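Notes to accompany the following structure.
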Amino acid sequence: MNSVNKIIRLSILSTIALTIFMIEIQIPPLVPIPGIKLGLANIITLIVLELYGTKEAMIVLTIRIFLGSMFSGQVLSFLYSLTGGMLCLGVMVFLIKILGKGGICFISISGAIAHNIGQILIAMIIFQTTSLIYYLPILLISAVITGTFTGIVDKYMINNEVLKKVISQ
Amino acid sequence: MNKRFQLGLIFIILAISILGYFLIHNKKIENPVVKIYKNGELIKSIDLSKVKDSYELKIGDKIHYNLISVSRNGVKVIDSTCHDKVCMKTGKIHDSLLPIACLPNNLLIKIEGERHDEFDTRTY
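Chains as they are written, first to last, in the working numbering: chain V, 1 to 169; chain G, 1001 to 1124.
See below:
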């Protein structure tokens, strides 16, 4: 696999992640708790992490967050997404090293939990208050639900022969 | 780490979260005082028991603002320029630990209990 091919595939994956991210912003929030969303763009991060590696996943994630907050015009959401995303990726890299590719659902749930904890931490720093910690239980519950969904979608996408030919190196 | 251990861990996290959620939801704050923070600074503190007629407050500038309604039995955001309107959907809060947060406008409304029991602890 030459590098041009890899670059093209990675940029296609970044575009897919960015598109998912932009569409997801338009979905009105289902629960009146700030910070809860489906996190569908994490599917792409997880796929890149599995099929390519840590460095590539980091690049795709950074591009998606940077362009995503630029297009949506939210300066503050850049900080939230970046902290959450990086913490999520860190946990997923660590777990994928230990567990291998076996427990993808578990890895995805842990990533979602790390993402939400990161977001609460940065919100607590920005607002200079600890009372946002009361959102933690409900954010953890939502992380388990959305993480399971992300993990299942990821499993199906990787096991699909046609899709795998398109996205893997 | 096998599958059973992973599943167990997730269930423990879920159970703790659900328990924590109910604990937080059932806790009531006495002598509620509304504190409004903008950009991390306390800009307004309202004692709800002293509010007679309900009134509206506009926090922010002309382009990015939140319209807050304050009445005797609670405080809520009735209009906001943010894109997701989470702060409006939170509804009225009166004595709950959960604050109203508007992340895009960097606004936080929380309820704090004012302590009046200072003299009780000073028993000689």
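Backbone N, C-alpha and C define an ideal beta-carbon position, used for all residues, glycine too. Small disclaimer: the values here were computed from a predicted structure and weren't measured.
query, result
"Neighbour flag for alanine 1015 of chain G against chain V, beta carbons, 8 Å", "no"
"8 Å Cβ cutoff, threonine 1090 of chain G in contact with chain V", "yes"
"Other residues of its chain near isoleucine 152 of chain V: CB distance less than 7 Å, five sequence neighbours each side excluded", "Cys105"
"Serine 1096 of chain G, DSSP secondary structure in three states", "coil"
"Proximal chain V residues relative to glycine 1040 of chain G, where beta-carbon distance stays under 7 Å", "Ile126, Phe127 and Gln128"
"Three or more C-beta pairs below 8 Å linking the region 141–158 of chain V and the region 109–126 of chain V", "yes"
"Chain V contact for glycine 1128 of chain G (CB, 8 Å cutoff)", "This structure cannot speak to residue 1128 of chain G, because chain G is shown only from 1001 to 1124."
"Interface partners of isoleucine 1024 of chain G on chain V, CB under 8 Å", "Tyr134 and Pro137"
"Span of the alpha helix (DSSP H) around leucine 121 of chain V", "104–127"
"Local Cβ density within 10 Å of asparagine 1026 of chain G, reported as buried at 16 or more and exposed below that", "exposed"
"DSSP state of glycine 73 of chain V mapped onto helix, strand, coil", "coil"
"Where the alpha helix (DSSP H) containing serine 1054 of chain G begins and where it ends", "Taken as a continuous stretch (DSSP letters only), serine 1054 of chain G belongs to no alpha helix (DSSP H), as it is neither H nor E."
"Rounded C-alpha distance that separates asparagine 5 of chain V from glutamine 169 of chain V", "8 Å"
"Per-residue burial, alanine 974 of chain G [other beta carbons within 10 Å of its own, 16 or more giving buried]", "Outside the shown range of chain G (1001 to 1124) lies residue 974 of chain G, about which nothing can therefore be said."
"Proximal residues of chain G, C-beta to C-beta of alanine 123 of chain V below 8 Å", "Ala1101 and Leu1103"
"Cut-off 6 Å between Cβ atoms - residues of its own chain near leucine 51 of chain V, not counting five sequence neighbours on either side", "Ser168"
"Meets three-Cβ-pair contact criterion under 8 Å: the region 12–26 of chain V and the region 60–69 of chain V", "yes"
"Short-range partners of chain G found in the region 62–77 of chain V, where Cβ spacing is below 7 Å", "Gln74 and Leu76"
"Under 8 Å from the C-beta of glycine 1020 of chain G: neighbouring residues of chain V", "Leu136 and Pro137"
"Near-chain V residues of the region 1035–1059 of chain G - C-beta to any C-beta below 7 Å", "Tyr1037 and Gly1040"
"Proximity test, isoleucine 27 of chain V beta-carbon vs the ligand GDP heavy atom, cut-off 7 Å", "In the structure on display, the ligand GDP does not appear, and there are no ligands present to speak of."
"Contact the region 154–161 of chain V vs the region 1074–1082 of chain G: 3+ CB pairs below 8 Å", "no"
"Exposure label - lysine 164 of chain V; buried when at least 16 CB within 10 Å", "exposed"
"Status (buried if at least 16 other CB within 10 Å, exposed otherwise) for threonine 83 of chain V", "buried"
"Within 8 Å, strictly: CB atoms of isoleucine 1036 of chain G and isoleucine 1010 of chain G", "no"
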